[in-house]
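To start, the structure itself, in structure tokens.
Residue numbers (the numbering used here): 56 to 429.
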């Protein structure tokens, strides 16, 4: 099956897998969004425990998706992995630190003998929910804005400057995606809580927060789209050289109607989810979740499938990475292709377990009956 494909087809296939994982990761950020609103939605310890227990049932799925995202980059596009994760290591170390804080907080927040106190771990959850998501958004934005690296003839990476990825924070346009992801995570969290928590007081607070966060999400997301669709893109020419071209990322969509259609469907579903959330509908999370997955998938896929470098170099255009010069070998991609066939079964299992956990909505009464608290 996979050994019957040529190398270019395998490279496109794996970029689509990578893009799908990016879309799934954006959906799983509802956990971070809920953490970021912890002190806004919960006004006492009982309400705080209710929200944290609700998120505590799902946080590991988001962490696993993040690991899969990095693993897919390492296996399918090792040159990108070594360039970004190995060169821009300060920004990725900060992201990793934020997620370590999350794991530690869920484990130790209510442990006996906790020296730091539960409030400290709740602040850690807040940091993960805001700073962690923001930094990932800034890092992903460099796929469009570029990074400060060069590659020699042996593909050894040289990073220009000592900031090691933190220089992306000097480009205010990168903030657009960072803030868009923060507010996307918050409206996803609102949708999730409406579906999972059965508490009238918290429900009223969620609906009030939903509209404000949805408006800010649309503001930053539309700003991000306007920026990438009107800026100069990093065009991959027929001879594999890289040059700058105006409106390239918009042309990528116009030249691939299928991706443009997926993107528009995703945006439409997200808008439907926002409307349902505004009305306090319990099913808003499903439209919001599917819409975010499809939109992010299409945006990411257009970089690799279109005529562009997916990780451009600002220092040396010809060092920019494309799916064709950054991928693993034909044999590696082919063998991993068979492994990727297990992904639908894993997703089916996650959906099944999710449905079992959400069959009974979480209430304060149920929380009081539980012997374990996150």
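Idealized CB from N, CA, C, for every residue including glycine.
* Spatial neighbours of residue 157 in its chain, beta-carbon cut-off 6 Å, leaving aside the 5 residues before and after -> Listed in chain order, the non-local C-beta contacts of residue 157 below 6 Å within the same chain comprise 183, local neighbours out to five positions each way being set aside.
* Buried or exposed: where does residue 251 fall if 16 or more other Cβ atoms within 10 Å of its Cβ makes it buried? -> By the neighbour-count criterion, in which a residue is buried when 16 or more other Cβ atoms sit within 10 angstroms of its Cβ, residue 251 is buried.
* To do: Hey, could you find the ends of the beta strand (DSSP E) residue 206 is sitting in?
  => Looking at the DSSP string, the run of the beta strand (DSSP E) that includes residue 206 is 204–206.
* Asked: Looking only at C-alpha atoms, which of 383, 162 and 254 sits nearest to residue 114?
  -> Of the candidates 383, 162 and 254, the one whose C-alpha sits nearest the C-alpha of residue 114 is 162.
* Asked: Can you give the beta carbon distance from residue 120 to residue 80, rounded, assuming they're within the 8 Å contact cut?
  -> The Cβ separation is near 5 Å, so the contact holds.
* To do: Would you mind sorting residue 58 into buried or exposed? The rule is 16 or more other CB atoms within 10 Å of its CB.
  => By the neighbour-count criterion, in which 16 or more other beta carbons inside 10 Å mark a residue as buried, residue 58 falls on the exposed side.
* **Status (buried if at least 16 other CB within 10 Å, exposed otherwise) for residue 399** => Answer is exposed; the Cβ neighbour count stays below 16.
* From 341, 355, 247 and 263, residue whose alpha carbon lies closest to that of residue 280 -> Per the Cα distances, 355.
* Asked: Do you know how far the Cα of residue 66 is from the Cα of residue 174?
  -> Residue 174 and residue 66: Cα-Cα distance of roughly 47 Å.
* Can a CB atom of chain D be found closer than 8 Å to the CB of residue 387? -> Absent here is chain D; the protein component of the structure consists of one chain.
* Mark residue 214 as exposed unless 16 or more other C-beta atoms lie within 10 angstroms of its C-beta, in which case mark it buried. => Buried.
* Of the residues 234, 177, 142 and 265, which one's Cα is nearest the Cα of residue 216? -> Among 234, 177, 142 and 265, the Cα nearest to that of residue 216 is on 142.
* Under 6 Å Cβ to Cβ from residue 352, same chain only, skipping five residues before and after it: list those, please. => The beta carbon of residue 352 sits closer than 6 Å to the beta carbons of 74, 75 and 78 from its chain, once the five residues preceding and following it are set aside; these are given in chain order.
* To do: Pick out whichever of 62, 63, 72 and 278 has its Cα sitting closest to the Cα of residue 394.
  => Residue 394 has its Cα closest to that of 72, out of 62, 63, 72 and 278.
* Asked: From residue 379 to residue 360, what does the alpha carbon distance come to, in whole angstroms?
  -> Rounded to the nearest angstrom, the two C-alpha atoms are 10 Å apart.
* Asked: For residue 347, which of 396, 323 and 403 has the nearest alpha-carbon?
  -> If we check each option's Cα against that of residue 347, 323 comes out closest.
* **Cβ neighbours of residue 266 in the same chain (closer than 7 Å, five flanking residues each side left out)** => Excluding sequence neighbours, residue 266 sits near 333.
* **Which of helix, strand or coil DSSP assigns to residue 212** => Residue 212 sits in a strand when the DSSP states are folded into three classes.
* Under the assumption that residue 350 contacts residue 381 (Cβ atoms under 8 Å), give the Cβ distance between them as a whole number of angstroms. => So it is not a contact: roughly 24 Å between Cβ atoms.
* To do: If I'm right that residue 329 touches residue 269 with Cβ under 8 Å, what's the distance once you round it to whole angstroms?
  => At roughly 5 Å, the Cβ-Cβ gap stays under 8 Å, so residue 329 and residue 269 are in contact.
* Distance, residue 375 Cα to residue 366 Cα -> When rounded, the distance between both Cα atoms is 6 Å.
* **residue 135 versus residue 274 - alpha carbon distance** => So the two alpha carbons sit approximately 31 Å from each other.
* Pull up the DSSP beta-bridge partners for residue 299, would you. => Looking at the DSSP assignment, residue 299 forms a beta bridge with 289.
* **Under 8 Å between C-beta atoms of residue 197 and residue 368** => Here residue 197 is not near residue 368, since their CB atoms are 8 Å or more apart.
* For residue 193, does the count of other Cβ atoms within 10 angstroms reach 16, so buried, or fall short, so exposed? -> Looking at its Cβ environment, which holds 16 or more other Cβ atoms inside 10 Å, residue 193 is buried.
* Straight-line CA distance for residue 223 to residue 286? -> So the two alpha carbons sit approximately 17 Å from each other.
* Return the CA-CA distance between residue 428 and residue 165, expressed in angstroms with no decimal places. => Summary for residue 428: the model assigns pLDDT 49, below 50, so the residue's position carries little reliability; its value from the coordinates is reported in the next sentence. Each residue's alpha carbon lies about 7 Å from the other.
* To do: Take the Cβ of residue 208 as the centre, count every other Cβ of all protein chains shown within 10 Å, and call the residue buried at 16 or more, exposed below.
  => The residue in question, residue 208, is exposed, as its Cβ has fewer than 16 Cβ neighbours within 10 Å.
* Asked: Got a sec? Which residues, its chain only, sit under 6 Å from residue 84 by beta carbon, not counting five neighbours each side?
  -> Result list for residue 84: 188 and 240, in chain order.
* **Which of helix, strand or coil DSSP assigns to residue 366** => Strand, per DSSP.
* Asked: Excluding five sequence neighbours on each side, which residues of the same chain lie with their C-beta closer than 7 Å to the C-beta of residue 186?
  -> So the list reads 153, once near-sequence residues are dropped.
* **residue 388 versus residue 151 - alpha carbon distance** => Taking the straight line joining both Cα atoms gives about 27 Å.
* Asked: Under a Cβ-count criterion, where at least 16 other Cβ atoms within 10 Å of its own Cβ denotes burial, should residue 70 be classed as buried or exposed?
  -> Looking at its Cβ environment, which holds 16 or more other Cβ atoms inside 10 Å, residue 70 is buried.
* Which value, in whole angstroms, describes the spacing of the CA atoms of residue 303 and residue 340? -> Spanning the two alpha carbons is a distance of roughly 33 Å.
* Nearest to residue 15 by CA position, among 68, 88, 413 and 61, is which residue? -> Residue 15 lies beyond the stretch modelled for the chain, which goes from 56 to 429, so this question has no answer here.
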